[in-house]
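Here the structure comes first, spelled out in structure tokens, and everything after it is commentary.
Numbering (my numbering), first residue to last: 501 to 619.
Here you go:
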């Protein structure tokens with residue numbers, strides 16, 4: 501008598517450290533994601549022109565909103581798993597400093613593209 505035994509694949513979960521809001525100009529951020537199976541987890545950005553994954557780090561390219569997805573495709577023993585999170589990347593503040601020493605008559609600074617009145 502021959503009997504067939506089927507073993508179901510085990511589920512796995514991904515632990516993906518929360519990424520706080522970032523600002524354009526921030527240095528690359530180390531990302532941490534692990535699967536309960538111990539298998540390798542891959543990270544991917546839905547908009548790499550805003551922020552991509554470079555050597556396991558989040559590399560900010562511009563301001564915007566991206567979704568970072570951690571995936572583990574599974575194998576003969578484990579089902580696939582996926583976990584995503586949204587990251588908001590704000591614009592960097594812009595500071596303009598006028599030099600009073602460059603002011604001319606009528607208190608206008610002429611070297612900037614737009615006149616600025618000095619009070």
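Think of the CB as a built atom: it goes at the ideal place given N, C-alpha and C, for glycine as much as any other residue. From a predicted model like this one, the values you see are computed outputs, not experimental measurements.
Grab me the residues of residue 583's own chain with a C-beta within less than 6 angstroms of its C-beta, minus the 5 sequence neighbours each way, in chain order. Within the same chain, Cβ atoms closer than 6 angstroms to the Cβ of residue 583 are found at 514, 516 and 570, the five residues on either side in sequence being excluded.
Presumed contact (8 angstroms Cβ cut-off) between residue 529 and residue 554, rounded CB distance: By a beta-carbon distance limit of 8 angstroms, residue 529 does not contact residue 554. Their separation comes to about 10 angstroms.
Helix, strand or coil for residue 537, going by three-state DSSP, please let me know. Of the three classes helix, strand and coil, the one that applies to residue 537 here is coil, per DSSP.
What's the gap between the Cα of residue 581 and the Cα of residue 544? Distance between the alpha carbons of residue 581 and residue 544: 14 angstroms.
How many whole angstroms separate the CB atoms of residue 509 and residue 579, which I take to be in contact at a CB cut-off of 8 angstroms? About 5 angstroms separates the CB atoms of residue 509 and residue 579; that is less than 8 angstroms, so the two are in contact.
Determine the extent of the beta strand (DSSP E) in which residue 583 is found, giving its start and end residues. Counting along the chain, the beta strand (DSSP E) containing residue 583 begins and ends at 581 to 590.
With DSSP as the reference, identify every bridge partner of residue 558, one or two as the case may be. According to DSSP, residue 558 bridges with 529 and 553.
Which residue's Cα is closest to the Cα of residue 575: 526, 522, 541 and 523? Minimum Cα distance to residue 575 is reached at 541.
Alpha carbon to alpha carbon, how far is residue 573 from residue 547? Rounded to the nearest angstrom, the gap between the Cα atoms of residue 573 and residue 547 is 21 angstroms.
Spatial neighbours of residue 519 within its chain, please: CB distance less than 8 angstroms, with the 5 preceding and 5 following residues excluded, ordered by chain position. If we look at residue 519 and ignore the five residues flanking it on each side, its Cβ neighbours are 529, 531, 558, 568, 585 and 587.
Provide the residue span of the beta strand (DSSP E) that contains residue 566, from first to last. Element bounds for residue 566: 564 to 572.
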